[in-house]
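Numbering (UniProt numbering), first residue to last: 1 to 162.
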């Protein structure tokens, strides 16, 4: 005998349960996935920084090795400090297209102005008023002078007699 298999009917309740389980699963997995990808990006950035620092370290070690060489030290002393070895003759080659204004050194021997300390400048500005030339074109309309004698006290008004 053959059994008849019935079709499985999917109702709205079953669909809602499946949708709810799927949403809970997605929410549950979202935070760990985000953390995972953020940490992968941080690891990638740190590895790039380490590689860059190692390249810089190698450059510095190479420069340090160059300074161990006597020939390199002599070359740097000549270029940077103008050191001349005993028995050598130094020559300075002047560019004919350079003008006097382009020269690095100045032939003017001006003595620098004496600069006084800040507190002398401050005291001079407070202690000595600046001298200004009187301007005859401006005539004061009112005289602004302080009284020499104190003013008389006001007299109180007298009360009328009853």
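Glycine included, each C-beta is placed from N, C-alpha and C at the ideal position.
Beta-carbon proximity list for residue i, same chain, < 6 Å, skipping 5 on both sides
i          : result
residue 90 : 84
residue 72 : 66
Same chain only: Cβ atoms within 8 Å of residue i, ignoring 5 sequence neighbours per side
i           : result
residue 77  : 83
residue 159 : none
residue 96  : none
residue 17  : none
Unbroken alpha helix (DSSP H) runs of length 4 or more, entirely within the stretch 37 to 104: which are they? Segments of the alpha helix (DSSP H) lying fully in the stretch 37 to 104: 70 to 76.
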